[in-house]
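In terms of this note's numbering, the sequence shown opens at residue 2 and continues consecutively. Cβ atoms here follow ideal geometry from the backbone N, Cα and C, with glycine treated the same way. Keep in mind it's a predicted model, so treat the numbers as computed, not measured. A quick write-up on the structure given underneath.
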Amino acid sequence: MKKLEHVLIVDDDREIRELVAGYLERNRMRVSHAACGREMRAALERDTPDLIVLDLRLPDADGLSLCRELRASDFHAIPVVMLSARHDEADRIVGLEMGADDYMAKPFAIRELLARIRAVLRRTNMLPPGMHIAEAATVLRFGDWRLDTAARQLLDADGSVVALSGAEYRLLRVFLDHPNRVLTRDQLLNLTQGRHADLLDRSIDLLVSRVRQRLQDGVREGRYIKTLRNEGYLFSATVTVIESDVLAARVSSCFG
Numbered sequence: 002m003k004k005l006e007h008v009l010i011v012d013d014d015r016e017i018r019e020l021v022a023g024y025l026e027r028n029r030m031r032v033s034h035a036a037c038g039r040e041m042r043a044a045l046e047r048d049t050p051d052l053i054v055l056d057l058r059l060p061d062a063d064g065l066s067l068c069r070e071l072r073a074s075d076f077h078a079i080p081v082v083m084l085s086a087r088h089d090e091a092d093r094i095v096g097l098e099m100g101a102d103d104y105m106a107k108p109f110a111i112r113e114l115l116a117r118i119r120a121v122l123r124r125t126n127m128l129p130p131g132m133h134i135a136e137a138a139t140v141l142r143f144g145d146w147r148l149d150t151a152a153r154q155l156l157d158a159d160g161s162v163v164a165l166s167g168a169e170y171r172l173l174r175v176f177l178d179h180p181n182r183v184l185t186r187d188q189l190l191n192l193t194q195g196r197h198a199d200l201l202d203r204s205i206d207l208l209v210s211r212v213r214q215r216l217q218d219g220v221r222e223g224r225y226i227k228t229l230r231n232e233g234y235l236f237s238a239t240v241t242v243i244e245s246d247v248l249a250a251r252v253s254s255c256f257g
């Protein structure tokens, strides 16, 4: 028998939790609940879900902070669909930048929420075996550059910080975690997360271009990122771990 996909609903509104849970269970999903950030952390320790539906506003924390904590913890790979009573476009963008995989405004159609949950899970499950974002926080060296994954900072040869957006950081991290491996656009869209666009979306090309600019990497004869026609992209530099730290204190502060 196929294993039921497990969804954790984090929302302080009991009626919403029960409405969503009942509908998902009728559609062959396993559901657990949390009414606040503290209960979410406890639920994660008990049983890791396949996806989290996370409300933006909670009694003891906001969803953006919790999403950011998730991405810096051992639970970083769990996809997140964020819910918000606010309809501001800026909130949606910030939510995606914090690492959410999709964002829905309240009130929402329950059938659409189910469709989005299934779409996110489908994208997550289509990743090839062994392809992931590395869990440990590290400092990675490639060429004249260093990426501090604890501080989420890119440092040049002089130690100066080169600003990266959240999306740019995630893409560079994916390349560094999978050097000398051809990655298709579909795989990059999945691995960078924070995407709810159709998999045919070619905006990943624009993001690659922005990362190239940060690295002062040429398009035709790029030192780091190679374009392989009709295949995707390849990060061709040697990547070396020059410092490794699981950052137990950081994870403990987020989920302890």
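Query - Rounded C-alpha distance that separates residue 197 from residue 81 - result: Confidence in residue 197 is poor, its pLDDT being 45 and thus under 50, which makes the residue's placement too unreliable to answer from.
Query raised in the report: Taking contact to mean at least 3 C-beta pairs separated by less than 8 angstroms, is the stretch 111 to 118 in contact with the stretch 21 to 38?
Result: Three or more Cβ pairs drawn from the stretch 111 to 118 and the stretch 21 to 38 lie within less than 8 angstroms of each other, which places the two stretches in contact.
Query - For residue 185, the residue or residues it bridges with in DSSP - result: In DSSP, residue 185 forms no bridge with anything.
Requested in this report: Taking 7 angstroms as the cut-off, decide whether the C-beta atoms of residue 175 and residue 193 are in contact.
Outcome: Their beta carbons are under 7 angstroms apart, which means residue 175 touches residue 193 by this criterion.
Query raised in the report: In terms of residues, what are the limits of the alpha helix (DSSP H) holding residue 240?
Result: Annotation for residue 240: no alpha helix (DSSP H) segment contains it, and DSSP assigns it neither H nor E.
**Report entry** residue 139 (DSSP reduced to helix, strand or coil)
**Finding:** In the three-state reduction of the DSSP assignment, residue 139 falls in the strand class.
Report task. Classify residue 57 as buried or exposed, calling it buried when 16 or more other Cβ atoms lie within 10 Å of its own Cβ. Result -> By the neighbour-count rule (16 or more Cβ atoms within 10 Å), residue 57 is buried.
**Report entry** Endpoints, beta strand (DSSP E) assigned at residue 228
**Finding:** Per DSSP, residue 228 belongs to the beta strand (DSSP E) from 226 to 229.
Report task. Give the range of the beta strand (DSSP E) segment to which residue 232 is assigned. Result -> Careful: residue 232 lies outside any beta strand (DSSP E) and carries neither H nor E.
Report task. Give a single yes or no on whether residue 22 has its beta carbon closer than 6 angstroms to a heavy atom of the ligand NAD. Result -> With respect to the ligand NAD, the structure offers nothing, as it holds no ligand at all.
Query raised in the report: Can you name the start and end residues of the alpha helix (DSSP H) that residue 178 belongs to?
Result: Here the alpha helix (DSSP H) through residue 178 covers 167 to 178.
Query raised in the report: From which residue to which residue does the alpha helix (DSSP H) around residue 115 run?
Result: Element bounds for residue 115: 111 to 126.
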